[in-house]
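*Asks:*
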Amino acid sequence: MCGRTCCHLPVDTIRRACRYIDYEGEEQLPEWKDEDKYFPSYNKSPQSNSPVLLSRLHLDKDADPSERIIASMRWGLIPSWFRDADASKLQFNTSNCRSETMMERRSYKVPLEKGRRCVVLADGFFEWQQFRGDKQPYFIYFPQTKTEKSFFSRSVDEKVWDDWKMLTMAGIFDCWEPPNGGETLYSYTIITVDSCKALSDIHHRMPALLDSEEAVSKWLDFGEVPIHEALKLIHPVDNIKFHPVSTVVNNSLNNTPQCLEPVEIEDPYLSYARPKATTKSSQKEEPELPKRPRQLMQKNPTPTKRNSAGLMEQWLKKYGEAYNKKPKIQ
DNA sequence: CCAGACGTTGTT
DNA sequence: GTCTGG
DNA sequence: CCAGACGTTGTT
DNA sequence: GTCTGG
Numbered sequence: 001m002c003g004r005t006c007c008h009l010p011v012d013t014i015r016r017a018c019r020y021i022d023y024e025g026e027e028q029l030p031e032w033k034d035e036d037k038y039f040p041s042y043n044k045s046p047q048s049n050s051p052v053l054l055s056r057l058h059l060d061k062d063a064d065p066s067e068r069i070i071a072s073m074r075w076g077l078i079p080s081w082f083r084d085a086d087a088s089k090l091q092f093n094t095s096n097c098r099s100e101t102m103m104e105r106r107s108y109k110v111p112l113e114k115g116r117r118c119v120v121l122a123d124g125f126f127e128w129q130q131f132r133g134d135k136q137p138y139f140i141y142f143p144q145t146k147t148e149k150s151f152f153s154r155s156v157d158e159k160v161w162d163d164w165k166m167l168t169m170a171g172i173f174d175c176w177e178p179p180n181g182g183e184t185l186y187s188y189t190i191i192t193v194d195s196c197k198a199l200s201d202i203h204h205r206m207p208a209l210l211d212s213e214e215a216v217s218k219w220l221d222f223g224e225v226p227i228h229e230a231l232k233l234i235h236p237v238d239n240i241k242f243h244p245v246s247t248v249v250n251n252s253l254n255n256t257p258q259c260l261e262p263v264e265i266e267d268p269y270l271s272y273a274r275p276k277a278t279t280k281s282s283q284k285e286e287p288e289l290p291k292r293p294r295q296l297m298q299k300n301p302t303p304t305k306r307n308s309a310g311l312m313e314q315w316l317k318k319y320g321e322a323y324n325k326k327p328k329i330q
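Shown next as structure tokens:
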């Protein structure tokens, strides 16, 4: 599941991390709508704003459909029909959306049918593993080109973050007009799936990750890629790294780099070791033991099947597999 | 037809 | 136990 | 997601 | 606004 992220990079660094190649083969930096509504934090919770990618076609009627923009949006989707004057009065949770039922849920089906697909950006997300009533948080993120360790020390040179590969999560957004007037509120939900093998020891759900440029492009391009094609992108993704972090992250007010710092933890598997019951009378059901989380080395993701025609297909032929070969800016 | 919901997570 | 606020 | 509140009257 | 339950 996904109820906390880290997104601490400044606007310009994020824009550079989001450079991409459009269908004309041109390198682009996305424009940022509502730049001033984004506040970087090592500890972002629902109701706060984070950067999301979306097709410019949502805002400009005759934009190139492959053109991406970044917008600051509220985490926790407010359906367009919500009538209370205060968005925070919504009486149900929309920070996550189950992929299995999203086409049946009124709050998600309607925006999905309008093509309101977005890609939520973060340095990574946090997940809490439960054992013996305790909770161990982990930081979870895409594998990096530079060694992961170089990002997490206390005295890290902030410039190393220029090389961070941001996490890209599939989301749905909606637009809400405050009944008493004011600006349109853009808000989003993060789609969840069963967890991948690598994460299954930590938790049984995870956000739907888009782990290639091709997947991001298809999820965003609601003009070229119909829902039934886009839904094929929503599945567990194993291309992931993680490490345990301090419980400092538990309190969302703790906005410090310590939230990312790896910590040594007592092996929960060993901590469960105890004598086995030998008599029939004490043959109670043993509580299930959490397994030792392992850092699994993952292969490159297999490219998604290509189905759509026209510009999209041409673009894919040329750039679809250029994933990770980021062209330099200038 | 009207009334009322509209959502996810986890869990002994 | 359940909801709100961060 | 976790942390922390969960309530009213009247009072200084 | 739209769907489900009665």
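According to full-length UniProt numbering, the first sequence holds residues 1 to 330 in order. The beta-carbon is built from N, C-alpha and C at its ideal position, and this holds for glycine as well. Here the structure is a predicted model, which means the values were calculated and not measured.
At a cut of 8 Å, does the segment 42–58 reach the segment 245–256 through at least three beta carbon pairs?
*Replies:* The segment 42–58 vs the segment 245–256: in contact.
*Asks:* Between Gly133 and Glu127, what straight-line distance do the alpha-carbon atoms span, to the nearest angstrom?
*Replies:* Position 133 of the first sequence, counted from the first residue, corresponds to residue 133. Position 127 of the first sequence, counted from the first residue, corresponds to residue 127. Rounded to the nearest angstrom, the two C-alpha atoms are 15 Å apart.
*Asks:* Exposed or buried, Met103, counting other C-beta atoms within 10 Å across all chains shown (16 or more means buried)?
*Replies:* Taking the first residue of the first sequence as position 1, residue 103 is located at position 103. Under this definition Met103 is an exposed residue.
*Asks:* So, for Ser99: in the same chain, excluding its five sequence neighbours on each side, which residues have a beta-carbon less than 7 Å away from its beta-carbon?
*Replies:* As a first step, residue 99 must be located in the first sequence, where it is residue number 99. Correct list, in chain order: Ile191, Thr192, Val193, Ala208 and Ile234.
*Asks:* Distance, Cα to Cα, Gly124 vs Thr101?
*Replies:* Indexing the first sequence from 1 puts residue 124 at position 124. Indexing the first sequence from 1 puts residue 101 at position 101. Rounded to the nearest angstrom, the two C-alpha atoms are 25 Å apart.
*Asks:* Check this for me: beta carbons of Phe222 and Arg56, under 7 Å apart or not?
*Replies:* The residue given as residue 222 occupies position 222 in the first sequence. The residue given as residue 56 occupies position 56 in the first sequence. Against a cut-off of 7 Å, the Cβ pair of Arg56 and Phe222 comes out as no contact.
*Asks:* What's the C-alpha gap between Pro178 and Arg83?
*Replies:* For the purposes of this step, residue 178 is taken as the residue at position 178 of the first sequence. For the purposes of this step, residue 83 is taken as the residue at position 83 of the first sequence. Taking the straight line joining both Cα atoms gives about 8 Å.
*Asks:* Measuring alpha carbon to alpha carbon, tell me which residue in Asn49, Phe142, Tyr141 and Pro257 is nearest Asp157.
*Replies:* Sequence index remark: in the first sequence, residue 157 carries index 157 (1-based). Per the Cα distances, Pro257.
*Asks:* I'd like to know whether the C-beta atoms of Val160 and Cys196 end up nearer to each other than 7 Å.
*Replies:* Within the first sequence, the letter at position 160 stands for residue 160. Within the first sequence, the letter at position 196 stands for residue 196. Not closer than 7 Å, so no.
*Asks:* Skipping 5 residues on each side, what residues in its chain have a beta carbon closer than 6 Å to that of Gln144?
*Replies:* By 1-based counting over the first sequence, the position of residue 144 is 144. Answer for Gln144: Lys165, listed in chain order.
*Asks:* So what does Lys135 bridge to, in DSSP terms?
*Replies:* As a working note, residue 135 is residue 135 in the first sequence. DSSP, once it has assigned bridges, lists Gln130 as partnering Lys135.
*Asks:* Report yes if the C-beta distance between Tyr138 and Phe242 is below 7 Å; otherwise report no.
*Replies:* Taking the first residue of the first sequence as position 1, residue 138 is located at position 138. Taking the first residue of the first sequence as position 1, residue 242 is located at position 242. Yes, the pair counts as a contact, with Cβ atoms nearer than the cut-off.
*Asks:* Using the Cα positions of Leu29 and Asp22, report the straight-line distance between them to the nearest angstrom.
*Replies:* Your numbering for residue 29 matches position 29 in the first sequence. Your numbering for residue 22 matches position 22 in the first sequence. Their Cα atoms are separated by approximately 10 Å.
*Asks:* Where Gly171 and Ala230 are concerned, what is the direct C-alpha to C-alpha distance, given to the nearest angstrom?
*Replies:* Here residue 171 is taken as the residue at index 171 of the first sequence, counted from 1. Here residue 230 is taken as the residue at index 230 of the first sequence, counted from 1. Approximately 12 Å between the Cα atoms of the pair.
*Asks:* Taking only heavy atoms of the ligand HEM into account, decide whether any of them is closer than 6 Å to the Cβ of Thr168.
*Replies:* For the structure depicted, the ligand HEM is absent and the ligand set is empty, with no information on it obtainable.
*Asks:* Are the beta-carbon atoms of Asn49 and Ser80 separated by less than 7 Å?
*Replies:* On the first sequence, position 49 is the one that residue 49 refers to. On the first sequence, position 80 is the one that residue 80 refers to. Cβ atoms of Asn49 and Ser80: not closer than 7 Å.
*Asks:* To which residues of the same chain is Ser41 closer than 8 Å at the C-beta, ignoring the five residues directly before and after it?
*Replies:* As a working note, residue 41 is residue 41 in the first sequence. Same-chain partners within the cutoff: Cys6, Cys7, His8, Ser48 and Asn255.
*Asks:* Please check the pair Ser217 and Ser107, which I expect to be a contact at CB under 8 Å, by giving their CB distance rounded to whole angstroms.
*Replies:* For the purposes of this step, residue 217 is identified with residue 217 of the first sequence, where counting begins at 1. For the purposes of this step, residue 107 is identified with residue 107 of the first sequence, where counting begins at 1. Actually they do not touch by this definition, with Cβ atoms about 26 Å apart.
*Asks:* Less than 8 Å between C-beta atoms, sequence neighbours within five positions excluded: which residues of the same chain meet that for Glu26?
*Replies:* The count along the first sequence starts at 1 and reaches residue 26 at position 26. Excluding positions up to five away in sequence, the list is empty.
*Asks:* Which complete alpha helix (DSSP H) runs does the segment 84–134 hold, if anything under 4 residues is left out?
*Replies:* Entirely contained in the segment 84–134, the alpha helix (DSSP H) runs reaching 4 residues are, in chain order, 106–113.
*Asks:* Would you mind sorting Ala17 into buried or exposed? The rule is 16 or more other CB atoms within 10 Å of its CB.
*Replies:* Within the first sequence, numbered from 1, the residue matching residue 17 stands at position 17. Its Cβ being crowded by 16 or more others within 10 Å, Ala17 is buried.
*Asks:* I'd like the list of long-range same chain contacts for Thr168, defined as Cβ closer than 7 Å, with 5 residues on each side in sequence excluded.
*Replies:* Locating residue 168 in the first sequence gives position 168, counting from the first residue. Val119, Leu121, Leu209, Leu210 and Val216.
*Asks:* Going by beta-carbon coordinates alone, are Ile70 and Leu53 separated by less than 7 Å?
*Replies:* Your numbering for residue 70 matches position 70 in the first sequence. Your numbering for residue 53 matches position 53 in the first sequence. For Ile70 and Leu53, yes; Cβs fall inside 7 Å.
*Asks:* Please list, in chain order, all residues of the same chain as Ala87 whose beta carbon is under 7 Å from its beta carbon, the five residues on each side excluded.
*Replies:* What you label residue 87 is simply residue 87 of the first sequence in a count that begins at 1. For Ala87, where only same-chain residues beyond five positions count, the Cβ hits under 7 Å are Ile78, Trp176 and Leu185.
*Asks:* Could you have a look at Pro290 and say whether DSSP puts it in helix, strand or coil?
*Replies:* Here residue 290 refers to the residue found at position 290 when the first sequence is read from its first residue. Low confidence applies to Pro290: its pLDDT is 46, below 50, so where it sits in the model is not reliable, and the reading given next is rough at best. In this structure, Pro290 counts as coil in the three-state DSSP scheme.
*Asks:* Whole angstroms is fine: what's the gap from His58's alpha carbon to His228's?
*Replies:* The count along the first sequence starts at 1 and reaches residue 58 at position 58. The count along the first sequence starts at 1 and reaches residue 228 at position 228. Going from the Cα of His58 to the Cα of His228 covers about 19 Å.
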